[in-house]
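What follows is a set of notes on a single structure, which appears directly below.
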Amino acid sequence: MPLLGKEEFCLKSLPDKLSSDEQVFYCHITGEAFLSYDEYFERQFLYSSLLWTCSVTGRTGLTYSEALKSEQESKALLSTIPTVLQKVMLHLMTYMNNFSTNVTLSILIEYTNLRYFIGEHVQISPKNKNKRINGIIRDVIPPENYEKSSSIAYGIDPLAYNYLVECVDQPDELDGDECIVIPAARISRSKFLLTREKIRLFLKQHLAPKNGRYEALSIKEESLQKFGVDQLTWEDIFKGPTPNFSDDTLIVKALSRQRHTEECNSHNNDSLNENDENHENENLIQVSKKKSSLLSLQKQKLIRRGAKLGNANNNSSKKSKKDNKLKRQSLKNKSGKVNRKKRTNSDATDSNATQESKSSKQKDDDKDLKNRERECRKQYEEDLKNWTEKRDDLLCDDLLPLPQVTPIDCDIPSELIGDALVIIDFLNVFHEFLAFKENTFPSHLTFDYFIKILQDNDVNARAGFADLIMAILRTIFQSNMKDAHDGNEDLKITDNNNEDFDIFNADNDEESTALQVNCFANHFVTTYFSTMEQLVRLQMDSFTVTEILRIYILKTRNFDGKRTIKICADDMALVMRLAAQTIFELNKNDRIKILKILLDDVVVQVAEIRQKIEASMDEMVKLKIRIRHLNASYTRWLRENPIRQRMRKKKSSNNDQ
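Numbering (full-length UniProt numbering), first residue to last: 1 to 657.
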């Protein structure tokens with residue numbers, strides 16, 4: 001039962017002294033009934049508010065229906081845990097002290113990961129075969145020297161245990177042995193039997209703090225009595241030393257990896273020892289070669305330094321003579337340059353004035369261009385804002401005149417073309433669910449063929465209007481016979497007194513006659529055809545289908561105030577015409593109306609058609625979600641791969657081709 005906040009909620013019960021004819025307001029969520037509408041509305045508003053809490057998971061901020069659904073799902077999830085493992089986990093909790101929920105959760109997952117307990121259903125692979133066989137563990141065989149072994153994974157290494165397993169599926173390989181001894185490496189549980197979520201929910205149901213919120217967790221008294229944890233011993237569940245949850249231990253997976261690496265290294269050590277002597281001799285030869293090469297390089301460097309010093313002394317005397325000549329020539333060149341500068345200064349002043357005037361003009365032109373560009377950008381941004389604003393379709397600038405309507409020239413009136421197309425589509429989609437006789441109607445009904453059916457007036461014609469109505473009525477009757485246990489057949493019919501006719505206009509004769517026909521017809525149907533089984537027993541052919549159709553409409557279209565007066569009057573007028581005419585004498589409007597009435601009942605009463613509609617709707621929703629994901633991935637790809645990158649890829653692919 002969901003909790004209102006954090007408190008228990010009690011449903012309201014009806015008073016004992018309540019007459020069976022008294023009117024009540026029924027709440028379909030909880031099955032409650034209320035005498036006043038105010039109480040009903042207040043309780044309905046409470047159930048739809050986000051004040052409820054799931055009593056199993058502890059989720060808050062839910063409606064009543066959401067909390068109830070969460071409880072059902074979590075209870076179904078907890079029911080998948082076997083009772084053996086439930087007792088084991090509660091018994092393991094007795095060896096823990098002062099641990100929080102997350103710590104106990106991780107300890108239980110690590111401890112039960114590779115250990116299997118007495119009475120548990122497991123899967124084994126005997127003789128190193130890939131084939132799995134179902135079995136039940138009957139006994140646990142610990143290693144012989146477990147007292148001297150170190151504590152690994154809260155006890156002995158779980159891979160060191162052996163198990164006595166009783167085979168449920170007796171294979172030929174075991175030679176008639178019912179129980180075999182198998183190591184832990186060949187045993188496994190079924191997948192997702194113990195998950196983190198399941199154990200978390202299990203601990204929430206059976207653990208609670210001792211005194212306060214911040215105290216250590218302990219097992220509830222109800223769960224102790226339910227599973228008999230006080231009477232259990234460690235030998236009833238497992239063998240060997242009891243678990244040690246107080247010491248710092250290692251995870252078994254890391255240990256198994258270390259063992260695997262150690263085994264690989266031990267195999268390679270023998271081969272490495274044989275090659276050690278050869279490697280030492282090769283290293284000595286390489287060191288001697290390096291020393292000789294370094295000595296030769298040092299001798300060559302000393303010879304090069306002595307040659308450079310001798311060449312430098314000879315070149316110094318020659319350079320002094322050349323320097324004197326260069327000084328004399330430089331003095332002559334300086335005197336000539338001074339005279340040239342005086343001449344060029346006068347020309348440079350004139351050219352600078354002209355260049356300054358040109359540069360000022362260019363600066364002014366650049367400023368004008370920048371101002372124009374700014375104005376163009378502002379105008380573009382304003383136009384873009386106006387264009388992106390949401391507006392009515394009639395206020396858009398790019399409106400076009402509507403295309404001219406092309407009239408459909410056919411024998412069906414324009415008001416009923418939509419209904420005719422819906423009927424054709426329904427018959428084509430759900431053809432397999434309708435009870436057509438063999439080789440009567442085509443699997444794909446065309447528009448021209450449907451017009452021929454509406455124009456059919458031959459009683460003995462095959463695949464005509466009568467066969468179509470008989471097939472639809474046959475499917476409705478068959479579905480009602482399957483669901484005979486439901487209360488849809490026994491329709492309550494109330495007698496209409498003459499006082500109820502005052503709601504109609506007394507001057508309108510058609511409406512008054514229709515109501516009188518309804519009153520007498522209801523009495524006739526209740527006396528002779530009170531159930532659908534009596535109607536099914538009638539022989540149906542082209543001569544009796546009109547009367548069966550009329551009685552069916554009277555039975556299913558009783559007027560209890562839920563339907564509008566206009567629709568009721570139209571249906572009763574159709575019933576009056578069926579009493580005087582056959583279905584072959586009706587016009588196209590009445591025929592389409594009859595098909596529409598029958599197909600509406602088919603959708604309501606045939607479960608297979610409803611299931612197909614719901615499945616197609618679910619498929620459509622999934623396809624929409626997939627399209628949305630594809631669009632999102634495409635936009636992400638466009639964002640990660642700019643245009644330049646894509647153009648380069650295209651060019652590179654074209655060049656490769």
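Quick reminder that beta carbons are idealized off the backbone N, C-alpha and C, glycines included.
Pairing phenylalanine 584 with asparagine 460 gives a Cβ-Cβ distance that is not under 8 Å. Arginine 115 is positioned such that its CB atom lies closer than 8 Å to that of phenylalanine 238.
Taking every protein chain shown into account, the CB of tryptophan 637 has fewer than 16 other CB atoms within 10 angstroms, so this residue is exposed. Given a length threshold of 4 residues, the region 349–405 has no whole run of the alpha helix (DSSP H) inside it. DSSP places serine 20 in no beta strand (DSSP E); its state is neither H nor E. Around the beta-carbon of glycine 240, 16 or more other beta-carbon atoms lie within 10 Å, marking it buried. Bounds of the alpha helix (DSSP H) holding histidine 206 are 196–206. The continuous stretches of beta strand (DSSP E) do not include valine 602, which lies in the alpha helix (DSSP H) extending over residues 588–605. In this structure, serine 479 sits near glutamine 605, with a CB-CB distance shorter than 8 Å.
Within the model, the alpha-carbon separation for glutamine 404 versus histidine 431 is close to 36 Å. For the pair of segments examined, the region 413–431 was found to touch the region 446–456: the number of CB pairs separated by less than 8 Å reaches three. Note on geometry: alpha-carbon atoms of alanine 184 and alanine 160 lie some 7 Å from one another. The distance from the Cβ of valine 165 to that of isoleucine 182 is about 5 Å, consistent with a contact at the 8 Å cut-off. Contact annotation: leucine 578 and arginine 550 have beta-carbon atoms nearer than 8 Å. Apart from the 5 residues on each side of it in sequence, glutamate 375 has no Cβ closer than 7 Å to any other Cβ in its chain.
When the beta-carbon positions are compared, threonine 440 and arginine 474 stay at least 8 Å from each other. Phenylalanine 34 has Phe25 as its beta-bridge partners, per DSSP.
No residue range can be given for glutamate 585, since it is assigned to no beta strand (DSSP E) and is classified by DSSP as neither H nor E.
Going by beta carbons, serine 79 and valine 56 fall outside the 8 Å limit. For proline 82, the closest C-alpha among the options Asp16, Thr53, Arg372 and Ile136 is that of Ile136. Taking 3 residues as the minimum length, the beta strand (DSSP E) runs contained wholly in the region 31–99 are 32–34, in order along the chain. Annotation: the continuous beta strand (DSSP E) that includes arginine 138 extends over 133–141. Of the candidates Ile472, Arg186 and Asn102, Asn102 places its Cα closest to the Cα of phenylalanine 202. Here the alpha carbon of leucine 207 sits roughly 14 Å from the alpha carbon of glutamine 225. Taking the CA atoms as reference points, threonine 354 sits about 21 Å from lysine 367. Phenylalanine 34 sits away from phenylalanine 45, with the two beta carbons spaced by 8 Å or more. Secondary structure at glutamine 123: strand, using DSSP grouped into helix, strand and coil.
With 16 or more neighbouring CB atoms inside 10 Å of its own CB, histidine 91 falls in the buried class. By the 16-neighbour rule on beta-carbons within 10 angstroms, threonine 544 is exposed. Taking all protein chains shown into account, phenylalanine 477 has 16 or more neighbouring C-beta atoms within 10 Å of its C-beta and is therefore buried. Residue pairing of leucine 217 in beta bridges, as defined by DSSP: Pro209. Taking C-beta separations shorter than 6 Å and ignoring five residues to either side along the sequence, the partners of glutamate 120 in its chain run Val84 and Ile137, following chain order. Note on geometry: alpha-carbon atoms of isoleucine 199 and threonine 63 lie some 26 Å from one another. In the structure shown, the three-state DSSP call for proline 183 is strand.
Where asparagine 480 is concerned, the enclosing alpha helix (DSSP H) starts and stops at 465–482. Here the C-alpha atom of valine 536 lies approximately 9 Å from the C-alpha atom of methionine 481.
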